[in-house]
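Novice: The following block contains the structure, expressed as structure tokens.
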Amino acid sequence: MSPRFRLCCVLLAASQCASAQVTNDQLLRPDAQPANWLSYSRDYSNQRHSPLNQISTDNVARLQLQWVWQARSLEKFEATPLVVNGVLYTVQAPNDVVALDAATGRIFWTYSHQPSPARTCCGRVNRGLAIHGDTLFMGTVDAHLLAIDAKSGQLLWDIVVADAAAQYSITMSPMVMKDKVYIGTAGGDMGIRGFVAAYDIRTGREVWKFYTIPGPGEAGHDTWSGDSWQKGGASIWNHGAYDPESNLVYWGTGNPAPDWDGRMRLGDNLYSDSVIALDADTGKLKWHYQFTPHDELDYDSTQVPVLADISWKGKPRKVMLWANRNGLMYVLDRVSGEFLLGKPYVEVNWMDGFDAKGRPHRVPGMVPTPQGTLVRPHVHGAINWAPSAYSPRTGLFYVAHWEHSGIVAIEGQFPQSVGINARQTTMGDVTLEPFLNNDDEARGVIRAYDPVTLNVAWEYKLGNITWGGMLSTAGDVVFGGGKDGYFVALDAKSGKLLWKAALGGQVNAGAMTYAVNGKQYVAIAAGTALFVFALP
Amino acid sequence: MRHVGHSTGKHVVLLWLLLASPFAMAQHATGSDLFSGEQAFQNYCANCHGKAGNQIVGVDLGHGAFRKPYDDAQLTDIIMKGIPGSPMPATPGMSREQAVQIVGYLRSLAISKDAGAGGDAARGKLLFAGKGQCFSCHRVDGEGSRQGPELSRIGLSRKSDQLVTSLLDPNREVQPQNRSYRIVTHEGQRISGRLLNQDAFSVQLLGSDEQLHSFEKADLQSAEFIASPMPAVRGTLSDQEVADVVQYLVSLRGSAKR
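Line by line, the protein sequences give chains A and B.
Residue numbering for the first sequence follows my numbering, beginning at 1 and increasing consecutively.
Residue numbering for the second sequence follows my numbering, beginning at 1001 and increasing consecutively.
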């Protein structure tokens, strides 16, 4: 054996002894690794709350730009990066994975996936990655699921989750629990049949699949008239949550199809516009709650579920907090699915109350009509896909959403926006646009809510509507942004503006924070670039 | 200009190969088409892709190594319209006939790829894992070390004669992305590995410890390319065993795709 071969063997032995980069235990207990951000929301509860506190209310005003990474893409930048031991992983839309030095922004490697032609409703975007061991996982707009080596950027496996030619696509970040990676698809507006599936993290082999529209003979199938179930939508296109104690995994489901015309799909259309709780190992449905039965206004319920342990009427309770696109905010028992509380958090006119089980009471006439009906909130919602946050320190639920939005729903047609500034509520874009609205027209707000009463604790008014998400930190600072291109830091207790940065492009993502060599950083995507800040 | 009779001997060979290939039905290309395709490729494409079509990392047009398995119609569209969001531009002045000829030319190159080194791929696989100890530095389909180049798709980008050279004389030709690099910090820390990126102020590499490293150049005593740690296999493997390993490497064409 040559000396070089011996050297290689020694090195190999050393590498084989090294533990996997990200373990199940680390994913379950991310607070033990506060410097890292290991999943889309940092943890399975989706609180997007970091224990890092170097940046605090006392010093956040001194934040300075550290580096910028510009994507080679003209698509919206919706991804939340991951950070593992000083390496930042993100996605250059649509589907290039990039590994950067988290302290300097310099590139280690890029993996480029050229998706086949695929039709997406709202841009060829991607919201982020998952990681387990040394393997990154990404869904693609042509509905593949990829496993990529986190060290070298090499493709490990590539499976077809669904047929892109049949209008399936993937924009969500995958989830990883134990030995499985979970992902659903977009395409609900195009008439797919939604599902979420679990795959073996080593091989990509499908372990189970749960269709969000029950097939013949299954409970709930009779909530669809005729054959409408076959192309009824209800897609799962955003991140879910996981509760290790109950071993339940949760996702919100999208609207039924066709979106704005329910005449050919009579019934409640289960499990569209719902939250589903599945056994993480088997995919069996444990409970569901439907937010908007028989939706005709495109009120996807694909918001990211936020799990919190709070005191409810004097007793500890494991709850799920949900700010929904339909303008209602909810508190559910996440173990049983029991409806605990629900109330409008923006101007809502399509319902006026709940029954004892939490079914909304529809206001008569608030449906699409031949002459058009003004319905609030907007078809894009009070909130859409952007993630909210919860701070266990303040006990407040932080939501960036829209107020005073509305739409004219017309039978059999695409809804028409309200007022002269109809474009103001269109989907997020990359570049900044003039904002022309009055205060009584749609605008954005960041609000803190008491999860027990759902009352507003404070409000910060944005200059435009927002497609940006929220970040909470143990420094009692919350971060957010919006279409006006400002990235703001607010006092988590009062909502007072502490710092702002004009980024020159729309904020269409949630911020995240991490540390390298003891220095805390805050990262936010805006326009087509990733901006990273820290104290001097 | 579609008369086979006008073709040179080389073109006749290409045509024969084309007709014998699974691509033949899709192409219907004549030797003249292939000649025109080659000319168009050199005029329009070689500036970025290189004369042999292998100048862009991860893409080797002459070996059929595209970003993904495109069919002829998709390749034709890409040549004419480009790939949005990538450096691949549209070619507005090109006719569809020219684009089809380029596809035919590239397909003909791919099917005329080498037949290997006269070895046995199954034996080569065993030698790769055993006597050759290649997994000590290389990785195939998720198995092995990341110290050396990843080889899961090596058969798409390197010909057998090039692989034989790499085994017998590893330093004669090293791909740019595989060059070995060593840094020494002011504190005396030494790290070597594959250079991934560098700029005026910093350097990034995948170390032989299989970790990603990034350094400020101001913190370094030295930073330089070094000889490949790949050992020459002469004396370790017989000629037949080299041929077997090469045959195995030629067969590696990306089983990661399912």
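Built from N, CA and C at the ideal position, the CB exists for glycine as well.
Quick one: measure Cβ to Cβ for Gln1247 (chain B) and Asp1120 (chain B), integer angstroms, because I've assumed they're closer than 8 Å.
Specialist: Going by Cβ atoms, the distance from Gln1247 (chain B) to Asp1120 (chain B) rounds to 6 Å, so yes, they are a contact pair.
Novice: Tell me where the beta strand (DSSP E) around Leu1075 (chain B) begins and ends.
Specialist: Note, Leu1075 (chain B): premise wrong, no beta strand (DSSP E); alpha helix (DSSP H) at Asp1072 to Lys1081.
Novice: Measure the alpha-carbon distance for Ala1024 (chain B) versus Ile1102 (chain B) and round it to whole angstroms.
Specialist: Low confidence applies to Ala1024 (chain B): its pLDDT is 34, below 50, so where it sits in the model is not reliable, and the reading given next is rough at best. For Ala1024 (chain B) and Ile1102 (chain B), the distance between alpha carbons rounds to 14 Å.
Novice: Buried or exposed: where does Val68 (chain A) fall if 16 or more other Cβ atoms within 10 Å of its Cβ makes it buried?
Specialist: Exposed is the call here.
Novice: Going by the CB atoms, is the gap between Val196 (chain A) and Trp251 (chain A) shorter than 9 Å?
Specialist: The answer is yes: Cβ separation under 9 Å.
Novice: Grouping DSSP H, G and I as helix and E and B as strand, with all else coil, what is Lys343 (chain A)?
Specialist: DSSP places Lys343 (chain A) in strand when its eight states are reduced to three.
Novice: Which residues of chain B have a Cβ atom closer than 7 Å to the Cβ of Val87 (chain A), listed in chain order?
Specialist: Going along chain B in sequence order, the residues near Val87 (chain A) (Cβ under 7 Å) are Leu1212.
Novice: When you compare the CB of Leu129 (chain A) with every CB in chain B, is at least one pair closer than 9 Å?
Specialist: Judged by the 9 Å Cβ criterion, Leu129 (chain A) is not in contact with chain B.
Novice: Which residues does DSSP list as the beta-bridge partners of Pro316 (chain A)?
Specialist: Pro316 (chain A) is bridged to A:Ser311.
Novice: Applying a beta-carbon distance threshold of less than 8 Å, which residues of chain B neighbour Ser152 (chain A)?
Specialist: Those are Arg1139, Arg1146, Glu1150 and Leu1206, listed as they occur along chain B.
Novice: Contact criterion: CB-CB distance below 9 Å. Does Asp1169 (chain B) meet it with respect to chain A?
Specialist: Not closer than 9 Å to any Cβ of chain A, the Cβ of Asp1169 (chain B) fails to qualify, so no.
Novice: Would you list, in chain order, the members of the segment 56 to 72 of chain A that have their beta-carbon closer than 8 Å to a beta-carbon of chain B?
Specialist: So the list reads Arg72, given in the order they occur along the chain.
Novice: Taking the C-alpha atoms as reference points, what is the distance between Leu1109 (chain B) and Phe1035 (chain B)?
Specialist: For Leu1109 (chain B) and Phe1035 (chain B), the distance between alpha carbons rounds to 12 Å.
Novice: CB-CB under 8 Å to Thr135 (chain A), same chain, minus the five flanking residues each way: which ones, in chain order?
Specialist: These residues qualify, in order along the chain: Ala147, Ile148, Asp149, Ala150, Leu156 and Ile201.
Novice: Determine, using beta carbons only, whether Ile1083 (chain B) comes closer than 9 Å to chain A.
Specialist: It does; some Cβ of chain A falls within 9 Å.
Novice: Just the C-alpha distance for Pro115 (chain A) and Leu145 (chain A), rounded to the nearest angstrom, thanks.
Specialist: Their Cα atoms are separated by approximately 11 Å.
Novice: Pick helix, strand or coil for Arg362 (chain A), following the three-state DSSP scheme.
Specialist: Note: Arg362 (chain A) maps to strand in three-state DSSP.
Novice: Can you find a C-beta in chain A that's less than 9 Å from the C-beta of Ser1202 (chain B)?
Specialist: With 9 Å as the cut-off, Ser1202 (chain B) counts as an interface residue toward chain A.
Novice: For chain B, is any of its Cβ atoms less than 9 Å away from the one on Ile594 (chain A)?
Specialist: The structure shown does not extend to residue 594 (chain A), since chain A spans only 1 to 536, so no value can be given for it.
Novice: In the DSSP assignment, find the unbroken alpha helix (DSSP H) run with Val22 (chain A) in it and report its ends.
Specialist: Val22 (chain A) -> no alpha helix (DSSP H), and no H or E assigned at all.
Novice: At a CB distance below 7 Å, what residues from the segment 1182 to 1203 of chain B approach chain A? Give them in sequence order.
Specialist: Here the close residues are Leu1196, Asn1197, Asp1199 and Ser1202.
Novice: Which one of A:Phe354, A:Ser173 and A:Gly342 has the shortest CA to CA distance from Asn455 (chain A)?
Specialist: Nearest C-alpha to Asn455 (chain A): A:Gly342.
Novice: Could you work out which residues of chain B lie near Leu156 (chain A), taking near to mean beta carbons separated by less than 9 Å?
Specialist: Near Leu156 (chain A) (Cβ distances below 9 Å), the residues of chain B are Asp1141, Gly1142, Ser1152 and Ala1256.
Novice: What is the rounded straight-line gap between the Cα of Tyr242 (chain A) and the Cα of Phe210 (chain A)?
Specialist: Roughly 16 Å between the two C-alpha positions.
Novice: With a 10 Å radius around its C-beta and 16 neighbouring C-beta atoms as the bar for buried, classify Asn1047 (chain B) as buried or exposed.
Specialist: With fewer than 16 other Cβ atoms within 10 Å, it is exposed.
Novice: Mind checking which residues open and close the alpha helix (DSSP H) that includes Leu462 (chain A)?
Specialist: Per DSSP, Leu462 (chain A) belongs to no alpha helix (DSSP H) and is neither H nor E.
Novice: Can you give the Cα-Cα distance for Lys286 (chain A) and Lys318 (chain A), rounded to whole angstroms?
Specialist: Answer to the nearest angstrom: the Cα atoms are 16 Å apart.
Novice: Taking the alpha helix (DSSP H) that Glu1038 (chain B) belongs to, which residues open and close that run?
Specialist: Segment Gly1031 to Ala1040, the alpha helix (DSSP H) holding Glu1038 (chain B).
Novice: Does the pairing of the segment 262 to 273 of chain A with the segment 281 to 298 of chain A give three or more beta-carbon distances under 8 Å?
Specialist: Segments in contact, yes.
Novice: From the DSSP secondary-structure annotation, give me the bridge partner or partners of Met566 (chain A).
Specialist: Since the displayed chain A opens at 1 and closes at 536, residue 566 (chain A) lies outside it and no answer follows.
Novice: For Gly504 (chain A), count neighbouring Cβ atoms within 10 angstroms of its own Cβ and tell me buried if that reaches 16, exposed if not.
Specialist: Exposed, by the Cβ-count rule.
Novice: Any C-beta of chain B sitting closer than 9 Å to the C-beta of Arg106 (chain A)?
Specialist: Taking Cβ atoms only, chain B reaches closer than 9 Å to Arg106 (chain A), which makes this a yes.
Novice: Output the distance between the C-alpha atoms of Ser472 (chain A) and Met138 (chain A), rounded to the nearest integer angstrom.
Specialist: Each residue's Cα considered, the two are about 25 Å apart.
Novice: Contact criterion: CB-CB distance below 9 Å. Does Gln1055 (chain B) meet it with respect to chain A?
Specialist: Chain A contact via Cβ: absent.
Novice: Since Met470 (chain A) and Arg42 (chain A) are thought to touch, with beta carbons under 8 Å apart, how far apart are those beta carbons, to the nearest angstrom?
Specialist: Wrong, their Cβ atoms sit about 12 Å apart, outside the cutoff.
Novice: Please determine if the segment 1238 to 1254 of chain B and the segment 1152 to 1165 of chain B are in contact, where contact requires at least 3 C-beta pairs separated by less than 8 Å.
Specialist: They touch, by the three-pair rule.
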